[in-house]
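Numbering (UniProt numbering), first residue to last: 1 to 95. Even glycine gets a Cβ: it sits at the ideal position worked out from N, Cα and C. A quick note: this is a predicted structure, and the numbers were derived from the prediction, not measured. This report concerns only the one structure given below.
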């Protein structure tokens, strides 16, 4: 039997910043590409996602999260996966 005295504490504080995010309530299709999306369709969707990020009060925290967990999908903190990888991750999160 497990000892409940050794359970980890609540982790809600780690995610509380998401409540203030400009993307809250928007569909995931803005930030995550559908299967097979390429070319201009992808560029247009990513620019729309970045526009949301540009006005977001928690943009830096969002980017920090994406970098810290090596988020492999989507636009987070105003950067795409390839942009996060090219920027070296840590440098992008510090900006």
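query                                                                               : result
For residue 14 and residue 56, the rounded distance between their alpha carbons     : 18 Å
First through last residue of the alpha helix (DSSP H) which encompasses residue 85 : 81 to 86
Straight-line gap, residue 23 to residue 16 (C-alpha atoms, nearest Å)              : 14 Å
Spatial distance of residue 20 from residue 58 (CA atoms)                           : 7 Å
Candidates 65, 85, 38, 76, of which the one nearest residue 28 by Cα                : 76
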